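This report concerns only the one structure given below.
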Amino acid sequence: MKKLLSLLLAALMVLGCVSLASAEDAAIDPALIEAAKAEGELIVYGSCEEEYLAAACDKFESLYGIKVTHQRLSTGEVEPKIKEEAGNPSADVWFGGTTDPYNVAAAEGLLEPYEAVNAVHLISPAYRDAEGRWYGIYKGILGFMVNKEELERLNLEAPQDWADLLKEEYKGLIWLSNYNTAGTAKLVINTMIQKYGHDEGIKYLVDLDKNIQVYTKSGSGPSKNVGPGECVIGIGFLHDGIYQIVDNGYDNIGLVIPSSGTSFEIGATAIFKGAKHPNAAKLWIEYALSPDCVNQGVDYGSYQFLVLDNATQPAIATEFGLDPDNVMEYDFEDATKNITTYVSEVMEALGAAADDRFKTE
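When the letters of the sequence shown are read in order and numbered with the numbering used here, they come out as residues 44 to 404.
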């Protein structure tokens with residue numbers, strides 16, 4: 044009996060050592076933390092909403108004592124800015140915003156590969172770049188937000204699918220973000236091309252343009268104008284609609300998941316090639332892939348689904364009927380290779396209509 048107990052104790056000790064070793068293997072290298080602290084500074088371009096961006100930066104600063112400067116820019120603004128700076132970026136890291144512009148930047152060699160320790164917590168390899176040039180932090184569902192009161196006043200039903208948006212009855216009622224400045228709009232282009240085929244997808248966007256009232260600079264722009272009634276139908280991410288309902292009290296907003304299927308964004312984070320504070324940038328990636336960062340999103344109106352297995356999902360997104368798995372297959376490789384060309388093709392197809400309505404200033 045004593046011998047058996049001894050063997051069991053020895054086995055438990057071995058298992059304990061293995062567990063400890065595994066935990067240590069998964070821990071952030073203390074040398075990285077010290078090197079980041081020695082740099083003492085980090086500059087962040089954020090393409091998520093301002094409140095969440097500020098909170099994420101403040102938390103990083105409080106955890107590590109590293110001064111953080113941040114600026115909110117849409118993904119469509121960050122991408123050309125970093126391209127123009129050509130390896131001498133004015134910021135160290137990019138945080139938030141859909142991955143289509145990240146993939147363009149990665150393909151052009153503007154993002155620095157880094158193999159993050161905390162990437163082990165990603166729920167699928169689909170939520171990271173294979174070379175470590177970006178990592179996913181959340182997932183958002185594309186759909187429609189409608190002002191129910193305005194639709195009732197106009198004696199109109201809410202659109203239920205993408206094809207419905209082309210109906211004559213919705214002329215001048217729809218808002219979408221600008222293909223030149225918003226990653227959300229680039230996702231719409233890719234979604235239509237993947238859904239309908241190249242030529243038909245571009246034709247759809249040209250036909251849709253006839254019903255568009257406003258193209259906003261930011262992807263969240265349409266959602267912000269649905270509640271007040273300036274926008275009757277907004278195309279964008281449904282978590283932005285939830286924010287307007289829950290945080291701003293616009294219970295006149297209805298959310299529509301397109302009946303024939305929709306696509307999704309992966310909100311990401313990445314290090315810019317040539318970052319002035321490379322160790323602080325790597326530490327940021329580890330932080331962004333941790334509950335310390337992502338769990339606070341829900342406190343600042345960010346209701347996206349999280350893609351880390353140790354994070355706490357925002358229950359409210361499910362309460363509104365959103366399902367992170369109920370989305371179409373999305374070809375990220377095609378989007379990465381061709382979105383710049385697709386944007387140009389859409390602008391060319393729109394012709395003179397694109398001159399005034401798609402200004403980036």
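By construction, the Cβ of each residue, glycine as well, lies at the ideal position given by its N, Cα and C atoms.
None of the values given here were measured: they were computed from a predicted structure.
Asked	Found
Kindly indicate which residue of D101, I278 and G140 has the alpha-carbon position closest to the one of L116.	G140
Between which two residues does the beta strand (DSSP E) harbouring V111 extend?	K110 to R115
Mark A66 as exposed unless 16 or more other C-beta atoms lie within 10 angstroms of its C-beta, in which case mark it buried.	At A66, the pLDDT of 32 sits below 50, so the modelled position is not reliable and the matter cannot be decided from this model.
Considering only residues of the region 128-184, which uninterrupted beta strand (DSSP E) runs meet the minimum length of 3 residues and lie entirely inside it, listed in chain order?	136-141
So what's G297 in DSSP terms, helix, strand or just coil?	strand
Since S90 contacts V111 with CB under 8 angstroms, what's their CB separation in whole angstroms?	In fact, because the Cβ distance is near 16 angstroms, the residues do not count as touching under 8 angstroms.
Count the other CB atoms, across all protein chains shown, that sit within 10 Å of the CB of G108; report buried if there are 16 or more and exposed otherwise.	exposed
Rank F401, L365, E388 and F138 by C-alpha distance to the C-alpha of I232 and give the top, closest one.	E388
From Y330 to A323, what distance separates their C-alpha atoms?	10 angstroms
Assuming contact is defined by CB atoms lying nearer than 8 angstroms, are I184 and I278 in contact in what I supplied?	no
Quick one: measure Cβ to Cβ for F280 and E243, integer angstroms, because I've assumed they're closer than 8 angstroms.	That pair is no contact at about 24 angstroms.
Using DSSP with H/G/I as helix, E/B as strand and the rest coil, what is E92?	coil
Do Y145 and A378 have their C-beta atoms closer together than 8 angstroms?	no
Beta strand (DSSP E) containing L219: first to last residue?	I217 to S220
Which runs of the beta strand (DSSP E) spanning at least 3 residues fall entirely within the region 253-312, listed in chain order?	255-259, 276-280 and 296-299
Quick test of your reading: E104 and Y343, contact by CB under 8 angstroms. State the CB separation rounded to the nearest angstrom.	About 16 angstroms separates the two Cβ atoms, so there is no contact after all.
Tell me the DSSP secondary structure of G83 in three-state form.	coil
To the nearest angstrom, how far is it from the Cα of I71 to the Cα of K246?	49 angstroms
Is the distance from the Cβ of V136 to the Cβ of F315 below 8 angstroms?	yes
Count the other CB atoms, across all protein chains shown, that sit within 10 Å of the CB of T224; report buried if there are 16 or more and exposed otherwise.	buried
Would S303 be called buried (16 or more neighbouring beta carbons within 10 Å of its own) or exposed?	exposed
Quick check: V341 and I166, are their CB atoms within less than 8 angstroms of each other?	no
Measure from the alpha carbon of L319 to the alpha carbon of each residue in L85, L75 and I76, then state which is nearest.	With the sequence shown as reference, residue 319 is identified as Lys, and Leu is not the correct amino acid for it. Cα-wise, what sits closest to K319 is L85.
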